[in-house]
Amino acid sequence: MIDFRYHLVSIVAVFLALTIGIVVGTSLLQDPLLDKLNADTTALRQESEDLRDAYQTEEDLNVGAGELVDAHAAEITENLLSGSSVVLVEAPGVSTELRDALAARIGAAGGTVTGRVSFTESYIDENEFTVLDELVTQIVPEGLTLPDGGVYERAGAEVGYAVMTPDAEDERTESDQQTAQSMLASLESAGFVQLDGDPVQGAELAVLLAPEEPFAEPVTETATGAFVALAQQLDAAGVGALVVDGPGGPLPESLVAAVRAEGAEVSTFDAARGPAGQVATILALATVASGTDGQYGIGPDSDGFVPDPLPEPVPSAEPEAQESADEGNGN
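Numbering (full-length UniProt numbering), first residue to last: 1 to 331.
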């Protein structure tokens, strides 16, 4: 019979053979395997560097394009907003740099900024909902029929009444301005808005600036709905409104995306960053002033980066005035 020692020797021999095989196999495969790993690492590193270079090239081209547009911005936007009045309306968290740049572009295009209405975080705070609801009910002016819907639709209608006009040539009476001022002052005293300038003059156009970053939880749905409603009411109260996203560009959760998803007939622009985006915003606003709505920018639901056809400059009154002067002189 085969004793236990024989089995033990057999088992040891098998494990010894496996060990020798692993050592020999590893030695044979080690160099090719390491060579392949090194080659793959080198290729990935080169691919990463190529992508970085391509990105930098695109950035340099964007900077160059922005400088070119900036150099010709005055020619591109000259008189596009001549005679138009614009109110700037801000959601909480806007880019002040973008806001100030757009205000300057509006002025350069011949438009006049009547003032700013800046909404605070309290406006979208659910803990302040009851206070806002009661205030909105108290400040309804005579002659304004509030829309059906929730508090934000009604508040939006009141703000639209206070800062917008469908016809700039139809100047507001002193009484109307006092009523509008009282409404806004009540909202300001309650901490829902901050005012700058004289927005109660009444503007034909509104630029609603979205926050620099999309609204975050837990107020995302409430805040987005509140400012979609505001955009619709501003648009309805004047010649038109343009909703402009923050400098981050088109994002699925942005205010512009929400306005578009709602199917609201309100114009939007989703790429206002840099000189090219700011000038394109003025082109979009001038198109709104002409009575045409559109969705502009680079997002998936945009009609194009700029309106097509481009808006025409507002005719200057100077030639007509000169002609009248010539007739008066007998020329």
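Where is the CB? At the ideal position from N, CA and C, for every residue including glycine.
Since the structure is predicted, the reported quantities are computational estimates derived from the model, not experimental observations.
Problem - Cross-strand partners of T112 (DSSP beta bridge) - result: The sequence position of residue 112 within the sequence shown is 112, counting from 1. S85, per the DSSP bridge assignment.
Problem - N- and C-terminal bounds of the beta strand (DSSP E) containing E269 - result: As a first step, residue 269 must be located in the sequence shown, where it is residue number 269. As written in the sequence, residue 269 is Phe, which differs from the Glu given in the question. Residues S267 to F269.
Problem - Buried versus exposed call for R273 [16 or more other C-beta atoms within 10 Å across all chains shown] - result: Locating residue 273 in the sequence shown gives position 273, counting from the first residue. So R273 ends up on the buried side.
Problem - 8 Å contact criterion, which A271 and L80 should meet: CB distance rounded - result: In the sequence shown, counting from the first residue as 1, residue 271 sits at position 271. In the sequence shown, counting from the first residue as 1, residue 80 sits at position 80. That belief does not hold up - the Cβ atoms of A271 and L80 are roughly 18 Å apart, past 8 Å.
Problem - Proximal residues to G191 (C-beta, below 7 Å), its chain only, five neighbours per side dropped - result: As a position in the sequence shown, residue 191 is number 191, starting the count at 1. For G191, where only same-chain residues beyond five positions count, the Cβ hits under 7 Å are T120 and S122.
Practice task
Within 10 angstroms of the Cβ of R52, are there 16 or more other Cβ atoms? Answer buried if so, exposed if not.
Solution key: Taking the sequence shown and counting its residues from 1, one reaches residue 52 at position 52. It counts as exposed.
Handout entry: Supposed contact pair V256 and T268 - C-beta distance, whole angstroms, cut 8 Å
Key = As a first step, residue 268 is located in the sequence shown; it is residue number 268 there, counting from the start. As a first step, residue 256 is located in the sequence shown; it is residue number 256 there, counting from the start. The pair is a contact, with the Cβ atoms about 4 Å apart (cut-off 8 Å).
Practice task
Might you give, ordered along the chain, the residues of its own chain that have their beta carbon closer than 6 Å to the beta carbon of A155, omitting 5 neighbours on each side?
Solution key: In the sequence shown, the residue the question calls residue 155 occupies position 155. For A155, same chain residues with a beta-carbon under 6 Å away, outside a window of 5 residues either side, are V136 in chain order.
Problem - Under 8 Å between C-beta atoms of L195 and V314 - result: Along the sequence shown, read from residue 1 onward, the residue named residue 195 stands at position 195. Along the sequence shown, read from residue 1 onward, the residue named residue 314 stands at position 314. No, Cβ-Cβ distance for L195 and V314 is not below 8 Å.
Practice task
Could you check if Q178 is buried or exposed, using at least 16 other CB atoms within 10 Å of its CB as the buried criterion?
Solution key: Position 178 of the sequence shown, counting from 1, holds the residue named residue 178. When all chains shown are included, Q178 counts as exposed.
Problem - Residue range of the alpha helix (DSSP H) that includes D176 - result: Sequence index remark: in the sequence shown, residue 176 carries index 176 (1-based). D176 -> alpha helix (DSSP H) spans E174 to S189.
Problem - Under the three-state DSSP convention, the category L205 falls into - result: For the purposes of this step, residue 205 is taken as the residue at position 205 of the sequence shown. Strand at L205.
Handout entry: P250 and G299 closer than 8 Å at C-beta
Key = For the purposes of this step, residue 250 is taken as the residue at position 250 of the sequence shown. For the purposes of this step, residue 299 is taken as the residue at position 299 of the sequence shown. Cβ distance < 8 Å, so P250 and G299 count as in contact.
Exercise for the section: Excluding the 5 residues preceding and the 5 following T222 in the sequence, name in chain order all residues of the same chain whose CB lies nearer than 6 Å to its CB. Expected result: Indexing the sequence shown from 1 puts residue 222 at position 222. Answer for T222: I124, listed in chain order.
Exercise for the section: Assign Q295 to one of two classes, buried (16 or more other C-beta atoms within 10 Å of its C-beta) or exposed (fewer than that). Expected result: Indexing the sequence shown from 1 puts residue 295 at position 295. Its Cβ being crowded by 16 or more others within 10 Å, Q295 is buried.
Practice task
Output yes or no for whether 8 Å exceeds the beta carbon distance between G240 and V288.
Solution key: Locating residue 240 in the sequence shown gives position 240, counting from the first residue. Locating residue 288 in the sequence shown gives position 288, counting from the first residue. Going by C-beta atoms, G240 is nearer than 8 Å to V288.
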